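In what follows, a single structure is set out as structure tokens and then discussed.
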Amino acid sequence: MSAKVLRATLAVVSFGLGTAVFGGTASADQALVRALAESNVNQQYLIESVSISGVEVAHFQDSKLSSSLRQRLFGLIGGPCDMATIGELASKLRSTLHLQDVREHLSRGSSPDRVRVDFQVVHKDYSFDLSVPRFLYDSNQGWTTELSASMHAHEHSLAVGLGSNGDDLMERFTGFSTRYEDSHLFSDRLHFSLGIEGYHDLWNPATRRAVADSSVNDSASLASNPYALYRNRRNFAPALTFALSRALSVSVGASFQRMEMETPSPSGEEMSMNANAATAEVDFGYTLEGNDIQQRWDGRYGLRLATHELGSDYVYSRHAVSLRYEWKSGHNIVADRLTGGIITGQAPLFERFALGNSSTLMGWNRYAIDPLGGDRMAHNAVSYGYQFQDATAEVFYDAGLIGDGDRWGTLRHSVGFGYRQGIFNVAMAFPLYQGRIAPVFTAGMNY
């Protein structure tokens with residue numbers, strides 16, 4: 024045995040003894056790092072968890088972190104502590120996220136033969152980035168495109184986006200969005216954000232026909248008409264986010280929406296309506312990592328409460344919840360996602376629920392399901408994926424229904440298969456009609 028390997032081995036033994044006697048100290052962690060850096064003796068240690076600046080990889084939010092790089096970081100878990108691979112991934116993180124530096128930090132795990140890896144990032148004082156967060160084609164609903172420019176200076180960031188979205192709401196909305204964020208408002212646990220949006224809205228002919236056929240179309244009662252159409256919409260939304268822990272955060276804020284209506288007032292003048300609401304959101308994310316199996320839970324609850332006290336012409340409450348569970352073992356991934364929501368009172372069309380797009384009831388046309396949307400919704404999607412290299416092939420099953428008032432609609436189903444590589448994905452979905460099959464193709468980039 025060479026003197027170099029002997030020194031490394033003795034350092035590792037010293038680390039194990041120090042951990043057992045003293046419960047693990049900063050000096051013990053440093054001894055471990057030195058030992059692993061000096062010799063291949065690191066192969067006897069297994070990586071228990073991987074995080075970025077203290078945030079588990081599964082919960083780390085950055086649109087520039089591609090799924091392929093995320094999967095490579097996930098791939099470290101359960102494997103031997105290879106410092107060369109860790110150093111390579113640190114360099115990849117630095118270039119991908121446009122950081123000033125990324126430092127590898129190792130600490131003891133839950134047992135003497137396990138370690139935790141944390142990539143500690145150092146942001147550049149100033150940075151600028153251009154990206155295309157969404158570029159999606161659906162053979163039912165056409166194109167959805169978004170272009171984003173972001174600037175970062177210390178704890179402050181500003182993002183400006185332009186785009187045309189025909190996928191998320193009952194209308195196609197085209198315009199701009201701006202978001203400012205301060206990630207250190209007195210503390211790292213308190214964030215402030217301000218969003219400003221301005222959109223021009225276009226309506227599908229099926230929605231216009233349904234509005235014309237509805238019994239609520241008197242211009243004198245627009246505030247009580249959930250189907251009143253608007254041509255422009257603006258939003259001003261400040262919020263505070265409290266990071267209670269790594270797994271749990273709570274946001275509170277407000278949304279001041281102003282709409283220029285298509286229907287004029289009784290005197291023939293242009294009309295505008297306000298949908299001002301208090302907002303709240305709870306986000307939860309937790310990962311359980313074992314030797315061969317990794318499990319992930321994510322949950323979100325959102326509330327929007329519009330009242331006359333906030334200057335709103337509409338009075339309503341909107342509750343939305345989403346839950347996601349992911350199970351991963353080796354190359355296999357099984358995921359289940361449940362979403363639901365309910366609206367009480369009279370809410371404008373942009374608040375109503377829609378099913379039948381690139382993420383819910385894939386293959387269905389939402390205007391064929393309900394061209395006016397619904398005030399209640401339930402949806403479940405189950406998928407199985409197989410990972411190979413930096414790509415994933417998957418199959419999925421969707422089921423959902425949408426309702427209005429006391430009436431629930433028909434339960435609908437779809438199946439399909441897809442392929443994802445990085446942010447690029449293609450899918451073929453088959454809505455299950457009675458007696459016929461009509462496949463729908465989607466492709467594009469979607470973070």
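Just so we're aligned, residue 24 is where the sequence shown starts under the working numbering, counting upward by one.
The beta carbon of each residue, even a glycine, is placed where N, CA and C say it ideally should be.
Given the structure is predicted, the values throughout are model-derived calculations rather than measurements.
- Counting every other CB atom within 10 Å of its CB across the protein chains shown gives residue 409 a total below 16, marking it as exposed.
- Looking at 429, 89 and 71, the one whose alpha-carbon comes closest to that of residue 103 is 71.
- In the three-state scheme derived from DSSP, where H, G and I count as helix and E and B as strand, residue 87 is classed as coil.
- Per DSSP, the continuous alpha helix (DSSP H) segment holding residue 389 begins and ends at 389 to 392.
- Under the three-state reduction of DSSP output, residue 121 falls in the coil class, being neither helix nor strand.
- Burial check for residue 293: the Cβ neighbour count within 10 Å stays below 16, so the residue is exposed.
- When the five nearest sequence neighbours on each side are left out, the beta carbons in the same chain lying within less than 6 Å of the beta carbon of residue 362 are those of 345 and 402, in order along the chain.
- Among the bridge pairs identified by DSSP, residue 68 is matched with none.
- Counting other Cβ atoms within 10 Å of its Cβ, residue 175 reaches 16 or more and is therefore classed as buried.
- Relative to the Cα of residue 435, the nearest Cα in the group 331, 206, 420 and 101 belongs to 420.
- 373 is the residue among 387, 373, 425 and 75 whose C-alpha sits nearest the C-alpha of residue 196.
- For residue 136, no beta strand (DSSP E) segment is defined, and its DSSP state is neither H nor E.
- Here the segment 161 to 178 makes no contact with the segment 97 to 115; the two share fewer than three CB pairs at distances below 8 Å.
- Burial of residue 386 is indicated by the presence of at least 16 other C-beta atoms within 10 angstroms of its C-beta.
- Taken through DSSP and simplified to helix, strand or coil, residue 93 comes out as helix.
- Using a C-beta cut-off of 8 Å, the segment 365 to 379 makes contact with the segment 335 to 350, since at least three inter-stretch Cβ pairs fall below that distance.
- Cβ neighbours of residue 322 within its own chain (closer than 6 Å, five residues either side excluded): 307 and 346.
- Note that the C-beta distance between residue 394 and residue 233 is below 7 Å.
- Listed in chain order, the beta strand (DSSP E) elements of length 3 or more contained wholly in the segment 305 to 334 are 316 to 329.
- Looking at the backbone, the Cα of residue 164 and that of residue 388 are separated by about 8 Å.
- Straight-line measurement puts the Cα of residue 155 at about 32 Å from the Cα of residue 128.
- Judged by DSSP secondary structure, residue 234 falls within the alpha helix (DSSP H) whose first and last residues are 228 to 236.
- Every beta strand (DSSP E) of 3 residues or more that sits fully in the segment 172 to 219 is shown, in chain order, as 179 to 188 and 195 to 205.
- Counting along the chain, residue 283 sits inside the beta strand (DSSP E) bounded by residues 271 to 284.
- When 231, 289, 237 and 204 are compared, the shortest CA-CA separation from residue 254 is found for 231.
- With fewer than 16 other beta carbons inside 10 angstroms of its own, residue 433 counts as exposed.
- Per DSSP, reduced to three states, the secondary structure at residue 107 is helical.
- A residue is called buried once 16 or more other Cβ atoms fall within 10 Å of its Cβ, and residue 376 is buried on that count.
- Where residue 435 is concerned, the enclosing beta strand (DSSP E) starts and stops at 435 to 444.
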